[in-house]
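Note that the protein sequences, when read in sequence, are chains R and D.
The first sequence begins at 16 in our numbering and counts up by one.
The second sequence begins at 2 in our numbering and counts up by one.
A virtual CB, placed ideally from N, CA and C, is assigned to each residue, including glycine.
These figures come from a predicted structure and were not determined experimentally.
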Amino acid sequence: MSLVFLIFLPILAALLIPLLFKKLSRIHTGWFVLIVPVILFIYYASYLPQTMEGGTFTSEFQWIPSLDIAFIAYLDGLSLLFSLLITGIGSLVVLYSTFYLDKNREQLHNFYVYLLIFMTAMLGVVQSDHMITLYLFWELTSISSFLLIGYWYTRDRSRFGALKSMMITVFGGLMMLGGFVLLSIMGNTYSIRELIAQAPDLVQHEFFIWALVLILLGAFTKSAQFPFYIWLPDAMEAPTPVSAYLHSATMVKAGLYLVARFTPIFAASGLWVWLVTGVGLFTMIWASVFALKQKDLKGILAFSTVSQLGLIMSLLGASAMGFHVEDAANTVFKYAAFAAIFHLVNHAVFKGSLFMVAGIVDHETGTRDIRKLGGLMSLMPISFTIAMIGSLSMAGIPLFGGFLSKETFLTAMLAITEFEPFSMDVWGFLFPVIAWVGSVFTFIYSLYFVLHTFTGKHKPEELPKQAHEAPIGMLIPPAILAMLVIAIFFIPNVVGDWIVKPAVLAIQPFLYTSPEQVDVHVSAWHGFNTELFMTLGIFAVGGLLFWLLRKWQPVYDKLPETYSLNSLYDFMMYLSDSGAKRFSALYMTGFIRSYLAYMFGFFILIMLTTLYLVDAFVFDTTNLAPVGTYEIFIAIALVAATITTIAAKSRLTAIVALGAVGYSVALFFVIFRAPDLALTQLVIETISVALFLLAFYHLPINSKKEERISFKVGNAAIALGVGVTMTLVALSAHSQKLLPSISEYYKETVYSEAGGGNIVNVILVDYRGFDTLFEIAVLGIAGIGIITMIKLRLSKKEGHHENK
Amino acid sequence: MMTFYWVALLIISFAFVGLLYRLIKGPSIADRIVALDALGVALVSIIALLSLILETKFFLAIILLLSILAFIGTVAFAKFIERGVIFDRKPNR
């Protein structure tokens, strides 16, 4: 079976879901859905032995060959790791959701369709080698995540959370597209593999920094890094299986995947190292500090997810430093990429189980408010055990997988202090310090999560439901994950060899050529080294602070809400909404006079600027005809009539003066020897003056008031400007004729070719008869329009106004 | 001969200006309409003289047209003063 088509398996299965839901409503739809990720998981797992040896697989499916766009599935260690996470945790989440969502009350067909779309999208993101299709799947994850967060669309908070995550992730996605386009221009290919191959040349390119920043924006928004993490806590309104799947194990890791995938291209840049490491560490400490502020179980987990993602991000940044270090494979720098991937696996496992436990607690007690919960240990022993394992792993306590990744994290951060390029020797000492403080807070919130939920006093009167243990089916998926957490501690090197090292190879191809060369051996006991003492310090300080939590936790409530990033986001949304409204209200006055003023104003501006820029103010007087006396007289009459039209006190005078203008023009036609024009002009002018008089006669009495047009400086300026501009254009055009007129041809052939004497008429009906045809059409339309306007008085039927 | 045409043109132009004065000033509507009618005739003369000066016979159609327009206009105005409308509606509509 071809790899590339497997990506689309879930979305094809999604087509069947509504049918199954409608026709087989006795069986929970989730059972049918479960088949898809399980099959995929088994299939992808069968690739493990080959990727372990550094093997890669590609499979191609042409989409738009003429534009060089194709779906290319590329499976190496990194892609396979993510594919296994997506399908593996996907299977567990689907299993969990069959017990979590009620088949009678919930719209399961919607839920599973969205979930399967999401699965396809994620598989596409992690397997695409083509940047455009990667972007396509990336946006599909944003959209399906939007649908899943807003699953309970009747709730305001769900819709708000869905919109917020959509706005932020789509913003990042579009930025990323920009970065991809720049990269494809730089490398003249869309393939990531080919770009990695030509990475050394790309660094020199002027777009390099732009592409770097734009792609990082995409990665940071998706992976909820500072300051874009704000959508993740609000996305907790989604059903818990969604939170467990999307917002801990898969989607938020898409950004990490992107950073890991592009590290070989961008590692050469110091900016990349600084941004990824710095933002990651800052996110880690920020979110771990604010996790303790949360009162909602899922809120705590959301912030802890953000914090852990920051941790992994900083490790990825540190792994990019390996590019700048001589012989990095033999120094402590080799730990960074390994630690990043190792912790990524760990995090997906324990965070998935913790979310599921939070869902169980919510499901069985009816609340997620940590202040109302407590003392559930004896009521829900299995959930407690699972939560304890997950939390202790998150805190980094021995016997659980998290301990090992925390140790390697500290090792990598300590290694940075020895790093010399980019003046890291000056600021480098900050990195382990921040990492340590972040870990202390991680320790505290892990205990806060589990102990404040399960120990302490049971408060049955505050709980909406009578608390009891969850059904067994709901406990199986988190129990499997908890077992994995413990298993990872005892067999870290199996996980390392099978999964982590091939992925490290994909991140650091500049260091290694095969997975065996990744010389990292994880062991639970390193001997007495700095990392161990730091870990002991974390336990000591964290334990002390947790002991005193009740004393200092109220400090968080004193922090003003107005200065948070959420209110900044709300303010920006409000500002863009009301600002755009106010801006359009500013210029969209609804008065034609305003719009005419804009049009004429811009006309003047554009014409005069163009004339100035092309230096066209050239007036040539050589080609001018002599001015006759009679022409001067008519011109004076014309100007006088025009001034009368403008300055007339009554409308009647203006109409008559306008008639005078028309007749003067007819006279001009006479003296410029255009008899046909003069004839037509006279008749038309007479008719239009008659029509003006008709319109005047039917004016309402009170608007026939004799009143001059009021003088407005702005209008006068615009009128003057338009006149001057047109005069300048006409003069300029007249002085700079490039080609001779075509009229000589007409003059010579009017009789010989067309058999006519009147050159104007022959042009009208013979040489250029098409214009005449459509002017006849115009007249016809005008006539029909007038008839319909007079005859069809629909408003008359509605009674009253306007028409007599 | 050309001088003669020019002088005639000048005289008619003066008449034109005098008629214009009456058109603007004329106390009653009837004064104005008569002035307008005479203006039309003056215009006819001007165009006739111009066609002599320009030595062309193509403007004779304009002269005819102007005469017709001036007549129709005057009649229409006269009817408007007399009846208040220009086109009578058929009584049965």
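Contacts between D/Leu67 and chain R, judged by CB atoms closer than 8 Å, involve Leu697 in chain order. In this structure R/Ser461 does not touch R/Ser420 by the C-beta definition: roughly 14 Å separates them, more than the 8 Å allowed.
R/Tyr166 is positioned such that its CB atom lies closer than 8 Å to that of R/Phe126.
The closest CA to that of R/Ser582, considering only R/Gly202, R/Leu93, R/Pro64 and R/Trp246, is found on R/Trp246. One finds nothing in chain R with a Cβ atom closer than 9 Å to the Cβ of D/Leu53; even the nearest lies about 12 Å away.
For R/Phe648, the nearest CB of chain D lies under 8 Å from its own CB, placing it at the interface with that chain.
Ranked by how close their Cα comes to the Cα of R/Gln532, the residues R/Leu391, R/Ala669, R/Phe606 and R/Phe353 have R/Phe353 in first place.
Within its own chain, the residues whose Cβ lies closer than 8 Å to the Cβ of R/Trp46, once the five positions on either side in sequence are excluded, are Thr113, listed in chain order. Here the alpha carbons of R/Ile101 and R/Pro517 stand approximately 17 Å from one another. Annotation: Cβ neighbours of D/Phe60 in chain R (cutoff 8 Å, chain order): Val685, Pro690 and Ala693. Cα atoms of R/Val376 and R/Lys310: separation of roughly 14 Å, rounded to the nearest angstrom. In summary, R/Arg276 is buried, with 16 or more beta-carbon neighbours lying within 10 Å of its beta-carbon over all protein chains present. In the structure shown, R/Glu75 adopts extended strand secondary structure according to DSSP, grouped into three states. As the crow flies, the alpha-carbon of D/Arg33 is around 10 Å from that of D/Thr75.
Contact of D/Ser14 with chain R by beta-carbon distance below 8 Å involves Phe648. Minimum Cα-Cα distance from D/Ala71 among the listed residues D/Asp38, D/Met3, D/Arg23 and D/Val86 corresponds to D/Asp38. By the C-beta criterion, the segment 583-595 of chain R is judged not to be in contact with the segment 485-493 of chain R, since fewer than 3 inter-stretch pairs fall below 8 Å.
R/Leu391: not part of any alpha helix (DSSP H); DSSP gives it neither H nor E.
Contact check for R/Val519 and R/Ile315: beta-carbon distance about 31 Å, past the 8 Å limit, so the pair fails to qualify. Here the segment 89-103 of chain R makes contact with the segment 55-63 of chain R; the two share three or more CB pairs at distances below 8 Å. Using a Cβ-Cβ distance cut-off of 8 Å, the segment 190-203 of chain R and the segment 498-505 of chain R are not in contact, since fewer than three pairs of beta carbons, one from each stretch, lie closer than that value.
Beta-bridge partners of R/Asp384 (DSSP): R/Asp311.
Its chain contains Leu10 and Phe60 as the residues whose beta carbon lies nearer than 8 Å to that of D/Leu51, once the 5 sequence neighbours on both sides are disregarded; these appear in chain order. DSSP, reduced to helix, strand and coil, places R/Leu324 within a helical segment of the structure shown. Using a Cβ distance threshold of 8 Å, R/Val141 and R/Ser173 do not count as a contacting pair. Neighbours of R/Thr701 in chain D, taken as residues whose beta carbon is under 9 Å from its own, are Leu70, Ile73 and Gly74 in chain order.
When secondary structure is reduced to three states using DSSP, R/Tyr571 falls in the helix class.
Residue range Thr545 to Trp562 is occupied by the alpha helix (DSSP H) that includes R/Phe561, with no beta strand (DSSP E) assigned at that position.
The beta carbon of D/Ser46 lies closer than 6 Å to those of Ile13 in the same chain, with the five residues before and after it left out. Setting aside the 5 residues that flank it on each side, D/Leu24 is surrounded in the same chain by Arg33, Ala36, Leu37 and Leu40, each with a C-beta closer than 8 Å to its C-beta; the list follows chain order. In the structure shown, R/Leu706 adopts helical secondary structure according to DSSP, grouped into three states. In the three-state DSSP reduction, D/Leu55 falls in the coil class, being neither helix nor strand.
Residue pairing of R/Ile87 in beta bridges, as defined by DSSP: R/Glu75. Straight-line spacing of the CA atoms in R/Phe683 and D/Ile63 works out to 13 Å. Under the three-state reduction of DSSP, R/Ser206 is assigned to strand.
Per DSSP, the unbroken alpha helix (DSSP H) holding R/Phe684 starts and ends at Arg666 to Ile686.
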